[in-house]
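Student: Mind looking over this structure? Questions follow.
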Amino acid sequence: MFRLDGKVALVTGGSRGIGRACSEALAAQGATVLVNYVRGEEEAKKTVAAIEAKGGKAEAVGFDIADVERTEAAIAEAAKRHGRLDILVANAGIAIDNLVLRVKEEEIDKLFAVNVKGSIFAAKAAIKVMMRAKTGRIVFLSSIVGEMGNAGQTGYAATKAAVLGVTKSLAREYASRNVTVNAVAPGFIDTDMTTQISGDMKDAMLKSIPLARTGRSEEVAAAVAFLCSDEASYITGDVLRVNGGMLMG
Ligand code: NAD
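All residue numbers for the sequence shown refer to this note's numbering, where the first residue is 53 and numbers rise by one.
What follows is the structure, given as structure tokens:
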């Protein structure tokens, strides 16, 4: 079950954290994975090498998802080179935290340029290929804070709520082409993004998680891989929460 043999997948920001775990999980299920990176070429090469060491197929593809022209061209070129693009995991994202009284316009612009605009145009490029093939899987990485909000994360939460709107709109727009579009909303996952959180805040957060621990990137990647599989063919426009029970219902 959940095999992805013969499929080609692109994971934006696929070289570290949750993205790396997604790249590895999809490759383990048999997909050829295009590992996107923006600055960390070395990290991307290491991810590719780790996948290849386990007998998987992968290649590193560098582009900044905030650069619309470059993103569209790179995805079109990669799909042409491989003759297909079956899966897009729109994972790349940034967090810039600030109280709203201190927030700067450029912080909000940057958050939206990467987390929302970048994800939309990556999806646009992928959909062009998928609609011709009449099959495809797109999974966006949203966040628990897109649903719950979080003090100090107004801008970030706004982008992650926007990603849910994008998910549901594209699910409706491309259902007739058999392209499913879903989101995974992680809770508190141990990655570079969360290491900056202070000890006190971390302790408070742990108290609100029924499973009483932070999550692992691999636990998020497993949900992503499922939504990318043939077995998830009747799920679209949905949000799969991976949060240890922190938000239910
Ligand atoms: P991370 O910072 O470790 O990784 C983010 C990745 O995105 C990196 O590889 C980075 O290079 C890439 N990236 C950033 N800007 C980019 C750009 N302009 N173009 C291409 N790539 C770019 O973070 P993570 O924790 O692995 O987060 C992955 C996704 O999951 C993000 O969308 C994040 O918002 C979401 N998320 C994370 C958590 C968590 O607790 N870690 C919780 C909820 C949601």
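Think of the CB as a built atom: it goes at the ideal place given N, C-alpha and C, for glycine as much as any other residue.
Three Cβ pairs or more, each shorter than 8 Å: is that satisfied between the segment 196-206 and the segment 150-164?
Tutor: Yes, they touch.
Student: When burial is assigned at 16 or more other CB atoms within 10 Å of the CB, is residue 105 buried or exposed?
Tutor: If you number the sequence shown from 1, residue 105 lands on position 53. With fewer than 16 other Cβ atoms within 10 Å, it is exposed.
Student: Could you tell me whether any non-hydrogen atom of the ligand NAD is closer than 7 Å to the CB of residue 183?
Tutor: Here residue 183 refers to the residue found at position 131 when the sequence shown is read from its first residue. No, the ligand NAD has no heavy atom inside 7 Å of this Cβ.
Student: Using the C-alpha atoms, what's the distance from residue 170 back to residue 177?
Tutor: For the purposes of this step, residue 177 is taken as residue 125 along the sequence shown, with counting starting at 1. For the purposes of this step, residue 170 is taken as residue 118 along the sequence shown, with counting starting at 1. Near 11 Å, if we compare the C-alpha coordinates of residue 170 and residue 177.
Student: In chain order, which continuous runs of the alpha helix (DSSP H) of length 4 or greater are located wholly inside the segment 194-236?
Tutor: Whole alpha helix (DSSP H) segments, 4+ residues: 196-200 and 206-226.
Student: Could you say which of 275, 290, 299 and 117 lies nearest to residue 202 if we only look at CA atoms?
Tutor: As a first step, residue 202 is located in the sequence shown; it is residue number 150 there, counting from the start. It is 299.
Student: Taking the beta strand (DSSP E) that residue 111 falls in, what are its first and last residues?
Tutor: Mapped onto the sequence shown, residue 111 falls at position 59. 109-114 is the extent of the beta strand (DSSP E) around residue 111.
Student: For residue 117, tell me which candidate among 126, 242 and 110 has the shortest Cα-Cα distance.
Tutor: Position 65 of the sequence shown holds residue 117. Nearest C-alpha to residue 117: 126.
Student: Classify residue 320: buried if its beta carbon has 16 or more other beta carbons within 10 angstroms, exposed otherwise.
Tutor: This structure cannot speak to residue 320, because the chain is shown only from 53 to 301.
Student: By Cβ distance, which residues of its chain are closer than 8 Å to residue 173, with the 5 residues on each side in sequence left out?
Tutor: Here residue 173 refers to the residue found at position 121 of the sequence shown. Around residue 173: 117, 120, 123 and 124.
Student: Let's see if you can read the secondary structure: which residues bound the beta strand (DSSP E) around residue 60?
Tutor: The residue you call residue 60 lines up with position 8 of the sequence shown. Residues 60-63.
Student: Using a Cβ-based criterion (distance less than 7 Å to any ligand heavy atom), does residue 250 qualify as near the ligand NAD?
Tutor: Counted from its first residue, the sequence shown places residue 250 at position 198. Incorrect: residue 250 has no Cβ contact closer than 7 Å to the ligand NAD.
Student: Per DSSP, what kind of secondary structure is residue 142 in: helix, strand or coil?
Tutor: Against the sequence shown, residue 142 aligns to sequence position 90. Reduced to three states, the DSSP call for residue 142 is strand.
Student: Quick check: the segment 266-274 against the segment 65-84, are there 3 or more CB pairs under 8 Å?
Tutor: A contact exists between the segment 266-274 and the segment 65-84.
Student: Cβ-heavy atom distance between residue 68 and the ligand NAD below 7 Å?
Tutor: Position 16 of the sequence shown, counted from the start, is the residue given in the question as residue 68. Residue 68: yes, Cβ under 7 Å from the ligand NAD.
Student: Quick one: what's got a C-beta closer than 6 Å to residue 290's C-beta in the same chain, skipping five residues either side?
Tutor: As a working note, residue 290 is residue 238 in the sequence shown. If we look at residue 290 and ignore the five residues flanking it on each side, its Cβ neighbours are 234.
Student: Which partner residues of residue 294 appear in the DSSP bridge assignment?
Tutor: To locate residue 294, count along the sequence shown from 1; it is residue 242. DSSP, once it has assigned bridges, lists 238 as partnering residue 294.
Student: Shorter than 7 Å, the distance from the beta carbon of residue 150 to the closest heavy atom of the ligand NAD, or not?
Tutor: The residue you call residue 150 lines up with position 98 of the sequence shown. False, no ligand heavy atom lies under 7 Å from that Cβ.
Student: Counting pairs of Cβ atoms below 8 Å between the segment 246-253 and the segment 180-189, do you hit three or more?
Tutor: Contact between the segment 246-253 and the segment 180-189 is absent, because fewer than three Cβ pairs lie under 8 Å.
Student: Which whole-angstrom value describes the C-beta separation of residue 151 and residue 111, a residue pair presumed to lie in contact below a C-beta threshold of 8 Å?
Tutor: If you number the sequence shown from 1, residue 151 lands on position 99. If you number the sequence shown from 1, residue 111 lands on position 59. 42 Å between Cβ atoms; not a contact.
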